[in-house]
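2 protein chains.
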Amino acid sequence: MKRKEFRELVPVEEARRIINSLQVRPEKESSALENAYGKILAEEIVTEINVPSFPRATMDGYAVRAEDTYACSETEPVKLKLLGNIPAGSDARFTVSTGEAVEIATGAPVPEGADAVVMVEYSSEENGTVLISRPVTEGENIMKAGSDILKGERVLRRGRKLGTREIGVLASIGKKEVPVLRLPVGIISTGDELVNPGENLARGKVYDANSYTLYAGVQECGAFPLLYGIVMDDEIVMRKALETAVSECALILTSGSTSSGAGDVMYRIIDEAGETLAHGINIKPGKPVVIGVIKGVPIIGLPGNPSSALLIFNEFVAPFLRKSLGAEVGIRKTEAGILSTTLRSEGRQQLLPVGLVRGRVYPADRGSGAITSLSEADGFIEIPPETEFMEAGTPVEVTLFGEVEKPDLLIAGGFCPGLDVLEDLTGLRFRTLYTGSSGGFSVIAAGTADIAGVNMPSRYSEGRKETLPGEILYNTPTIENMGLSRVVLIKGYRREVGLLVKQDSQISGLESLPGKRLINRNRGSGTRAILEMKIEELAEKKGISKKELTESVPGYGSGAKSEVAVCEAVLSGKADAGVGIRNCAEKNNDLKFVKFAEEEYDFLIRKEVLDIPEVKKFLQVLNSAEFASKLPIGLQVYERTGEIIPFE
Amino acid sequence: MKRKEFRELVPVEEARRIINSLQVRPEKESSALENAYGKILAEEIVTEINVPSFPRATMDGYAVRAEDTYACSETEPVKLKLLGNIPAGSDARFTVSTGEAVEIATGAPVPEGADAVVMVEYSSEENGTVLISRPVTEGENIMKAGSDILKGERVLRRGRKLGTREIGVLASIGKKEVPVLRLPVGIISTGDELVNPGENLARGKVYDANSYTLYAGVQECGAFPLLYGIVMDDEIVMRKALETAVSECALILTSGSTSSGAGDVMYRIIDEAGETLAHGINIKPGKPVVIGVIKGVPIIGLPGNPSSALLIFNEFVAPFLRKSLGAEVGIRKTEAGILSTTLRSEGRQQLLPVGLVRGRVYPADRGSGAITSLSEADGFIEIPPETEFMEAGTPVEVTLFGEVEKPDLLIAGGFCPGLDVLEDLTGLRFRTLYTGSSGGFSVIAAGTADIAGVNMPSRYSEGRKETLPGEILYNTPTIENMGLSRVVLIKGYRREVGLLVKQDSQISGLESLPGKRLINRNRGSGTRAILEMKIEELAEKKGISKKELTESVPGYGSGAKSEVAVCEAVLSGKADAGVGIRNCAEKNNDLKFVKFAEEEYDFLIRKEVLDIPEVKKFLQVLNSAEFASKLPIGLQVYERTGEIIPFE
């Protein structure tokens with residue numbers, strides 16, 4: 001197998017310069033006004049009419065000559081001859097002379113001769129005359145022709161993105177069709193491993209996400225995406241696909257087939273059919289990027305994995321697309337934030353996916369191009385080269401992943417289906433970081449998360465007055481041991497914990513475990529901790545050491561990162577029993593639940609956020625009857641739910 | 001004509017309660033993934049597959065058993081038997097035993113038996129074997145099945161607006177069709193004065209803007225707008241239109257025909273066919289609002305004039321639509337700002353359209369429902385009842401008019417076509433407030449605007465060393481007289497000023513003016529000021545008083561608010577001559593230009609903003625050759641262009 005090494009990586013600024021020097025020519029097309037929302041204006045719009053096109057009454061009342069009213073008052077109203085009535089939309093024509101008036105509706109054209117409108121409140125009609133009881137000044141309650149928009153005025157500039165207001169202005173000056181820009185951008189996904197969503201997923205295959213994320217991203221920039229689908233890693237097929245796209249598009253985005261690995265051919269095709277301008281950008285994850293031109297049409301080859309492709313798209317391509325469509329400022333969607341945690345960097349320049357919750361920025365990179373790096377990130381920051389640390393508190397600029405709706409609350413700790421219920425009932429958007437219970441305490445201490453869901457048991461300790469020997473306390477001892485302050489613990493609900501086994505299993509409790517293969521939870525998980533204590537109790541009862549007991553259970557030292565992984569291990573036969581909450585077993589017909597404890601799942605909250613509306617809403621729902629009724633089986637509110645324990 | 005008085009106005013909070021109690025039921029429909037951008041998810045999405053669905057190599061290299069490599073090093077590489085090759089997308093099956101390896105590409109499935117991947121950089125092939133020169137640990141360079149997204153995980157919640165990232169997640173788990181919400185909202189514009197954009201505008205008619213702004217606004221909320229067009233102010237026609245809409249929509253928005261004026265019938269129809277819940281909200285401009293229900297379908301009647309309709313839509317309807325589609329927080333698009341000018345209020349609760357430029361908020365209400373109140377406003381603030389003043393510096397919350405692109409620079413002062421050239425070449429979005437030159441000095445002093453275009457002449461004064469008797473200085477004397485500090489004046493360009501007359505006019509200069517009807521500019525305009533000086537000079541030359549001369553010119557005291565208005569007056573024959581710059585005449589074939597002076601049009605800039613990128617860009621363009629070449633006839637850069645005069 002032949003491998004080609006990467007050429008010299010291009011520095012970031014050089015890559016930007018190359019991309020900005022690419023020539024793309026948007027086409028011009030006509031759009032019906034109602035379909036123009038979000039499109040980019042192709043020409044400046046100069047109005048051909050005055051708005052209003054006639055002097056317009058802004059009140060219901062009587063059109064008069066102002067001087068006729070100067071002397072009137074409530075006690076001495078002036079009497080004017082009533083000539084007629086002009087409703088809105090009427091082209092009835094009157095000429096108002098001294099001593100005359102015409103009834104007029106809001107929006108109707110003020111008749112010749114009249115120069116003011118008396119509000120209906122200061123008038124009364126009788127026998128073909130109208131009595132006016134308050135003077136008006138010239139021009140009062142009249143909007144002059146052209147005083148809103150003057151004929152000949154430039155009302156909108158080329159390159160303006162059409163929003164609600166722009167559409168209102170265009171309608172007001174009578175434009176039914178508007179000239180808009182069309183920038184066709186071809187999208188090609190390459191790779192033998194790709195299949196289309198909706199199709200069967202054979203072994204070794206993955207669904208093509210890039211076609212769809214890039215489609216949406218291109219659309220968001222105001223350009224016009226064209227999907228060319230998945231193309232195999234074959235030079236002939238790929239060249240043909242590129243040829244078609246080159247003939248139909250102003251710019252082509254490919255993804256995949258750009259690295260130095262087996263079967264990656266994109267740069268070779270560009271090199272043969274056109275010119276390669278850059279191969280590899282010196283910023284993580286820009287190494288696989290190819291920039292080239294075939295027959296005058298620029299081609300940008302993005303990394304194959306979805307989160308890297310979207311990072312590079314937002315960093316280099318989206319600003320270029322917006323600029324090509326006429327924007328200069330605002331081509332980058334950014335938001336300022338403060339790092340909520342200290343970052344370590346490997347020293348290489350890097351785009352790091354981050355979450356952004358109410359101005360606080362935290363890393364959201366699951367690594368290796370995980371698609372969840374996308375759904376858990378709101379944007380990314382650039383880490384400069386030769387940076388080892390970025391300290392918590394550093395102000396950073398986050399480039400957003402397009403028009404993102406940011407989360408309302410950042411919730412860490414152990415997973416619980418009760419959180420889904422809370423999210424549904426509050427209507428808030430949770431960003432959840434499943435750090436396990438012990439991780440939950442840490443991120444609250446670090447000030448990263450707003451709330452942590454925790455279920456960490458501690459054994460009775462001599463020094464504590466409120467406990468009885470053997471009693472297990474949840475979370476408060478951990479908070480005290482860690483010396484956390486300026487936090488509150490809100491008591492949550494109780495959860496049934498037990499062994500998850502197959503329906504036909506003979507395992508009936510912890511006593512059955514010796515000799516059986518167990519899949520345990522990871523260290524730091526509250527569930528693992530409560531199992532530990534129950535095993536201790538069992539060992540004591542049996543009169544053996546804890547070590548002796550656990551060594552008799554193969555897999556006791558294992559550590560599945562989630563309950564779902566525990567279920568999978570039991571279902572696949574890799575383990576005979578797993579540890580988890582009842583709810584997991586209930587969701588799966590093939591699993592049986594063998595309870596061994598009830599634990600308390602609580603919420604640790606930074607005091608600082610206790611009064612923000614989102615947290616208030618969270619607590620309000622936690623205390624509601626609806627929440628109690630909607631908790632799934634195995635979870636239950638109790639008398640302590642909602643209890644507040646402050647730690648100053 | 002019968003008039004009905006408004007019933008009791010409903011307080012704002014009560015109106016919100018009524019609207020939030022309305023029942024609208026979104027429909028569910030299926031959307032192809034590529035069309036799902038911006039739509040609202042109708043159901044929660046639980047993944048049915050693991051992502052990745054197999055253990056996946058994250059690097060090009062060799063799949064091995066990690067323990068085989070523990071002892072190797074660069075000097076003592078371990079030799080493994082090469083079983084074969086797995087490219088990405090392949091389902092080639094191998095079982096790797098001790099002493100064996102399989103070549104593997106990034107993205108390919110890791111074969112049975114292997115538990116790590118050695119990067120290609122640390123290996124070399126020879127004769128069916130591979131030499132490994134660096135140890136790997138278990139799991140290295142492998143992404144476990146389900147480690148990105150676990151089968152059974154809830155990946156997206158009902159009510160989520162689908163953006164780029166959500167679409168990426170849906171594609172990754174193989175969803176081709178997604179369940180989305182469809183909330184059909186009918187839009188009806190009423191009023192005899194309305195015609196459709198694109199049609200001929202007869203006298204007394206105005207173009208229907210509300211159909212289009214509401215269409216875009218409804219779309220922006222994620223709902224589905226349906227246009228029912230313009231309906232005449234006729235009970236039978238209107239009832240029929242409402243009946244159709246009631247049978248097809250979940251909510252109906254009408255505009256117009258809701259006030260107590262002549263021919264307004266909306267509330268009567270709702271009253272007869274259903275139930276009126278409110279008629280009039282006690283907030284300006286909510287007086288004409290009607291809220292009712294016909295056959296279970298809510299109807300909200302909005303004011304007829306476009307800016308009022310959009311204010312009420314954004315204040316009451318848009319949050320309700322977003323909420324009905326599942327959002328709870330984020331239902332109101334707001335941005336915090338600081339009032340840059342003191343507001344006076346009439347004491348009534350009010351929604352005031354405002355502009356928002358880089359966090360500074362200023363009123364943008366042209367009054368009387370001007371459509372330009374829309375295009376010049378980015379949103380609105382709520383002025384509480386019984387408020388007489390809101391002081392400059394007060395923090396306010398601006399409710400945005402949907403997804404608005406805010407301006408980059410706020411520019412006040414006198415109008416000049418050179419500003420359009422600057423806007424085009426900078427690519428910046430200017431918000432222009434045509435305050436006239438003298439207004440320009442004031443808004444800079446008040447700190448409202450960033451830049452003011454000024455052309456205010458002052459006569460030579462004895463105290464000044466640098467001037468000669470008779471010489472006219474521009475702008476600097478005004479700055480000194482006003483005592484402005486912390487500003488800089490940037491010299492702009494020269495403009496030819498003169499009389500605008502009809503082509504066949506005999507007027508050949510200021511001397512011809514006596515006896516002719518003049519249309520002058522408003523007080524505070526620099527053009528009026530330079531005319532004043534030239535008239536003084538002429539009077540001196542003629543040996544008469546200035547007063548004598550001006551009294552011989554009818555209309556000398558007039559004050560058109562814009563140059564376009566001046567042109568209109570001359571073209572319509574209302575005046576024989578107007579005053580303005582050459583450019584105005586050049587744009588119109590029927591006008592001739594008779595020059596009487598050259599003036600200097602400069603830019604007054606607050607020092608505070610001198611270093612922001614937008615102002616830097618502005619100045620860079622002002623000094624560019626391209627700007628010089630693109631200035632229209634009658635405007636010209638000169639040796640002082642770009643000169644900086646600071647005032648500390």
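For the record, the sequence lines run as chains U and A. Per UniProt numbering, the first sequence starts with residue 1, numbered consecutively. Per UniProt numbering, the second sequence starts with residue 1, numbered consecutively. Every residue, glycine too, gets a C-beta built ideally from N, C-alpha and C.
Quick one: grab the DSSP three-state call for residue i.
| i | result |
| --- | --- |
| arginine 494 (chain U) | strand |
| serine 30 (chain A) | strand |
| glycine 634 (chain U) | coil |
| alanine 364 (chain A) | coil |
| glutamate 337 (chain A) | Position check: residue 337 (chain A) holds glycine in this sequence, whereas glutamate was assumed. Residue state, collapsed to three classes: strand. |
| arginine 154 (chain U) | strand |
| methionine 119 (chain A) | strand |
| leucine 201 (chain A) | coil |
| glycine 263 (chain A) | Confidence in glycine 263 (chain A) is poor, its pLDDT being 45 and thus under 50, which makes the residue's placement unreliable; the coordinate value appears in the next sentence. Three-state result, glycine 263 (chain A): coil. |
| isoleucine 252 (chain U) | strand |
| tyrosine 70 (chain A) | coil |
| tyrosine 37 (chain A) | coil |
| isoleucine 530 (chain A) | helix |
| tyrosine 556 (chain U) | coil |
| aspartate 602 (chain U) | strand |
| leucine 518 (chain A) | strand |
| lysine 541 (chain U) | helix |
Give me the residue from the options with the minimum Cα distance to residue i.
| i | options | result |
| --- | --- | --- |
| arginine 360 (chain A) | A:Arg344, A:Phe380 and A:Thr372 | A:Phe380 |
| leucine 339 (chain U) | U:Gly355, U:Gly347 and U:Leu325 | U:Gly355 |
| residue 673 (chain A) | A:Val46, A:Gln219, A:Val136 and A:Asp91 | The structure shown has nothing for residue 673 (chain A), since chain A only spans 1 to 648. |
| isoleucine 645 (chain A) | A:Leu489, A:Pro353 and A:Ile132 | A:Leu489 |
| glycine 456 (chain A) | A:Ala449, A:Ala446 and A:Gly436 | Note that residue 456 (chain A) corresponds to methionine in the displayed sequence, not to glycine. The option with the nearest alpha carbon to methionine 456 (chain A) is A:Gly436. |
| glycine 152 (chain A) | A:Lys79, A:Leu201, A:Glu48 and A:Val118 | A:Glu48 |
| arginine 358 (chain U) | U:Ala449, U:Ile312 and U:Ala105 | U:Ala449 |
Would residue i and residue j qualify as a contact pair, given that the criterion is a beta-carbon distance under 8 Å?
| i | j | result |
| --- | --- | --- |
| lysine 617 (chain A) | valine 487 (chain A) | no |
| isoleucine 535 (chain A) | threonine 550 (chain A) | yes |
| glutamate 24 (chain U) | leucine 183 (chain U) | Looking at the sequence itself, residue 24 (chain U) is valine, so the reference to glutamate does not match. Contact flag set, yes. |
| alanine 88 (chain U) | aspartate 424 (chain A) | no |
| glutamate 248 (chain U) | leucine 226 (chain U) | yes |
| leucine 499 (chain A) | phenylalanine 596 (chain A) | yes |
| residue 652 (chain A) | alanine 101 (chain A) | Missing from the structure shown is residue 652 (chain A); chain A here goes from 1 to 648 and no further. |
Between residue i and chain D, is any beta-carbon pair separated by less than 8 Å?
| i | result |
| --- | --- |
| phenylalanine 54 (chain U) | Here chain D cannot be found, since the structure's protein chains are U and A. |
>> Please list, in chain order, the residues of the stretch 197 to 215 of chain U that have any C-beta partner in chain A closer than 7 Å.
In response: Pro197, Gly198, Leu201, Ala202, Arg203, Gly204, Lys205, Val206, Tyr207, Asp208, Ala209, Tyr212, Thr213 and Tyr215
>> For the pair the stretch 403 to 422 of chain U and the stretch 135 to 148 of chain A, tell me if three or more CB-CB distances fall below 8 Å.
In response: no
> If contact means a Cβ-Cβ distance below 9 Å, which residues of the stretch 150 to 164 of chain U contact chain A?
Replying inline: Leu150, Lys151, Gly152, Glu153, Arg154, Val155, Leu156, Arg157, Arg158, Gly159, Arg160, Lys161, Leu162, Gly163 and Thr164
> Pairing CB atoms from the stretch 109 to 127 of chain U with CB atoms from the stretch 49 to 58 of chain U, are three or more of them under 8 Å?
Replying inline: yes
> Listed from N- to C-terminal order along the chain, which residues in the stretch 129 to 149 of chain A have their beta-carbon within a distance smaller than 8 Å of any beta-carbon of chain U?
Replying inline: Met143, Gly146, Ser147, Asp148 and Ile149
> Going along the stretch 20 to 40 of chain U in order, which residues come within less than 9 Å of chain A, judged by CB to CB distance?
Replying inline: Leu33, Glu34, Ala36, Tyr37 and Gly38
> Of the residues that make up the stretch 376 to 406 of chain U, which ones have a beta carbon closer than 8 Å to any beta carbon in chain A?
Replying inline: Listed by position along the chain: Ala377, Phe401, Gly402, Glu403, Val404 and Glu405.
>> To be precise: take each residue of the stretch 169 to 186 of chain A, compare its Cβ to all Cβ atoms of chain U, and keep it if any distance is under 9 Å. Which residues remain?
In response: Val169, Leu170, Ala171, Ser172, Ile173, Gly174, Lys175, Lys176 and Glu177: these are the residues of the stretch 169 to 186 of chain A whose beta carbon lies less than 9 Å from some beta carbon of chain U, given in chain order.
> With a cut-off of 8 Å, do at least 3 Cβ pairs link the stretch 379 to 397 of chain A to the stretch 339 to 352 of chain A?
Replying inline: yes
> How about the stretch 511 to 518 of chain U and the stretch 541 to 561 of chain U: do they share at least three Cβ pairs that are nearer than 8 Å?
Replying inline: yes
>> Against chain U, which members of the stretch 621 to 633 of chain A pass a CB distance test of less than 9 Å?
In response: none
> Using a beta-carbon distance cut-off of less than 9 Å, what residues from the stretch 555 to 576 of chain A approach chain U?
Replying inline: Lys561, Ser562, Val564, Ala565, Cys567 and Glu568
> So, do the stretch 280 to 290 of chain U and the stretch 173 to 187 of chain U have three or more beta carbon pairs nearer to each other than 8 Å?
Replying inline: no
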